[in-house]
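Chemist:
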Amino acid sequence: MIIKVSVSKLRPGMFVHDFNCDWLHHPFFSNQLLLKDRGMIEKIINQNIREVYIDTGKGLAPAQESPRTATAVAEPPEEEKAPEPEMPEVDPFEERLSHIRERAIGDEIPDAAKARKKAETVLDNIFAEVQAGREINVRATRAAGEEMVESALRNKHALPAVVKLTKANQYLRSRAVNVASLMVSFGAHLGMPPAEMVDLAVGSLLHDIGMLRIDPAILAKPGKLTDEEYQQIKLHVAIAAEMLNGTGEVAPESREIVTMHHERNNGSGYPEGLKGSAIPPAAGMAGIADAYDAMTTARSYRGEMKLSAANRKLFEIAALEQFDDKLVQSFIQCTGLYPVGSVVGLSSGKLGIVIRQNPENLLKPVVRVIYDNKRGSFIRPRDVDILHNTDGEEVVPTPPDVKWKINILDYIS
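All you need for the working numbering is the position in the sequence shown, starting with 1, plus 702.
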């Protein structure tokens, strides 16, 4: 039976059927879930949610309030007391999470780079296994995802900033790790539980695994695909779903990312043409992250789009109702209109790299100024908070003729 209860009546063991609010306004990834501990209940209370709907057929019902009954229950004799339950084994991932503390992006960059490298190595091994006809190693994928989540919880901007140019034959691997990096950052921004963030990472790392069975000549084609070639590309989703069918270790949310990240809010996507709420949140998030990374990754036939331009493009796509507007807004709040690591021009004629967001105004980040475009030379780095500076500095479009070769990580670490 579905009943509405005050959050003050919630207790572990109840099953939440509906949070009585929009998905982005409650603290969990799923709209329906079992309350496992008091910590989950505290998160609901802290979001100022007053009432939720619970399903008494899937979990506990509200306790009956009866003072008479409460005083009538006697303490059982000592010999009749149930033995103390054995303490469950501590999950190593949960143990590591208990020690995580936020840190500055410069401090997190080295560990973020290690997490990315591990994910790339795991994917290299998985790609080789798939091409040899063996099963996907989900356990190794999950271990890589856990390290990415730990990094995102320490600093959500570090992993997306650790983006390296890769060889053409490493394109699929690089894109998979890029999307996973964006997804765990997105999950951290939304305040998702770490275990659910790992599910996002696993699904993202495997989201294009079906491409390994597509003709390499089509994948490497430098020009526009024919209709027939595009139909071949679309088969990668069904191929990936078939690969996962023999693997029982993949969480439902991870599977949704793999099979539905090309679905679009207005029904124009594939393979099922799903619309609106029929697309699970994980798949909607993955569609946005995948599109963003596709725009900002260079291909043989085009250069990459600037990060800030890609964010504007996402707004345009959302206006066409291909993506959920609220999810797009949350994604851009996460990355910032000028993402950490992006190059921006300043009204003084200098150039810099965004090192931090100002959450109260995404148009005014903190910039590390490193180049004088008028002189054509590098300068001693200095940090300018565009929101609070008194010199009148503003972010302006980056001059198109700027050409430099630098390692951005050297300036934000």
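We put the CB at the ideal spot given by N, CA and C, even for glycine. Note that the structure is a prediction, hence the values are computed from the model and not measured.
What is the DSSP secondary structure of Asp809, reduced to helix, strand or coil?
Modeler: DSSP places Asp809 in helix when its eight states are reduced to three.
Chemist: Do the CB positions of Val939 and Gly975 come within less than 8 angstroms of each other?
Modeler: No, these two residues do not count as a Cβ contact at 8 angstroms.
Chemist: Going by other Cβ atoms of all chains shown within 10 Å of its Cβ, with 16 needed for buried, is Gly759 buried or exposed?
Modeler: Flag for Gly759 reads exposed.
Chemist: In the segment 719-753, which residue ranges form an unbroken alpha helix (DSSP H) of at least 4 residues, counting only runs that do not cross its ends?
Modeler: Fully enclosed alpha helix (DSSP H) runs of 4 or longer: 740-748.
Chemist: Out of Lys1066, Glu1095, Leu1053 and Val1069, state which residue places its alpha-carbon closest to the alpha-carbon of Gly1078.
Modeler: Considering only alpha carbons, the answer is Leu1053.
Chemist: Please determine, among Ser708, Met716 and Leu737, the residue with the shortest C-alpha to C-alpha distance to Glu753.
Modeler: Out of Ser708, Met716 and Leu737, Ser708 has the C-alpha closest to the C-alpha of Glu753.
Chemist: Taking 8 angstroms as the cut-off, does the segment 806-814 touch the segment 844-861 (at least 3 CB pairs, one atom from each stretch)?
Modeler: A contact exists between the segment 844-861 and the segment 806-814.
Chemist: If distances are taken between C-alpha atoms only, which option among Ala882, Val1045 and Arg1070 comes closest to Asp1087?
Modeler: Among Ala882, Val1045 and Arg1070, the Cα nearest to that of Asp1087 is on Arg1070.
Chemist: Given Asn839, which residues of its chain have a CB within under 8 angstroms of its CB, disregarding the five upstream and five downstream residues?
Modeler: The answer, listed in chain order, is Val824, Asn827, Ile828 and Glu831.
Chemist: Taking the alpha-carbon of Leu1065 as reference, which of Ser1010, Ile1114 and Gly925 has the nearest alpha-carbon?
Modeler: Comparing Cα-Cα distances from Leu1065 to each of Ser1010, Ile1114 and Gly925, the minimum goes to Ser1010.
Chemist: Is the beta carbon of Arg1058 within less than 7 angstroms of some heavy atom of the ligand ZN?
Modeler: Among the components of this structure there are no ligands whatsoever, and the ligand ZN is therefore not found.
Chemist: Report all residues from its chain with a CB closer than 6 angstroms to the CB of Pro862; omit the five preceding and five following residues, and keep chain order.
Modeler: Hits under 6 angstroms: Ser883, Leu884 and Ser887.
Chemist: Shortest alpha-carbon distance to Glu951 belongs to which of Val900, Ala991 and Gln749?
Modeler: Comparing Cα positions, the closest option is Val900.
Chemist: By DSSP's criteria, Arg1070 is part of a beta bridge. Which residues make up the other side?
Modeler: Per DSSP, Ile1055 and Asp1085.
Chemist: Let me confirm a value: Gln1059 is counted as buried when at least 16 other C-beta atoms fall within 10 Å, else exposed. Which label applies?
Modeler: When all chains shown are included, Gln1059 counts as buried.
Chemist: With a threshold of 7 angstroms on Cβ separation, who are the neighbours of Ala815 within its own chain once the five nearest residues in sequence on each side are excluded?
Modeler: Result list for Ala815: Val864, in chain order.
Chemist: Skipping 5 residues on each side, what residues in its chain have a beta carbon closer than 7 angstroms to that of Thr773?
Modeler: With a pLDDT of only 40 at Thr773, under 50, the local geometry of the prediction cannot be trusted, and no value is derived from it.
Chemist: Quick check on Val960 - is its C-beta less than 8 angstroms from some C-beta in chain D?
Modeler: Protein chain content of the structure displayed is limited to a single chain, and chain D is not contained in it.
Chemist: At 4 residues or longer, what runs of the alpha helix (DSSP H) sit wholly inside the segment 923-985?
Modeler: Qualifying alpha helix (DSSP H) stretches, in chain order: 929-947 and 954-962.
Chemist: With H, G and I counted as helix, E and B as strand and the rest as coil, what does DSSP make of Gly1038?
Modeler: The answer is coil: DSSP assigns Gly1038 none of H, G, I, E or B.
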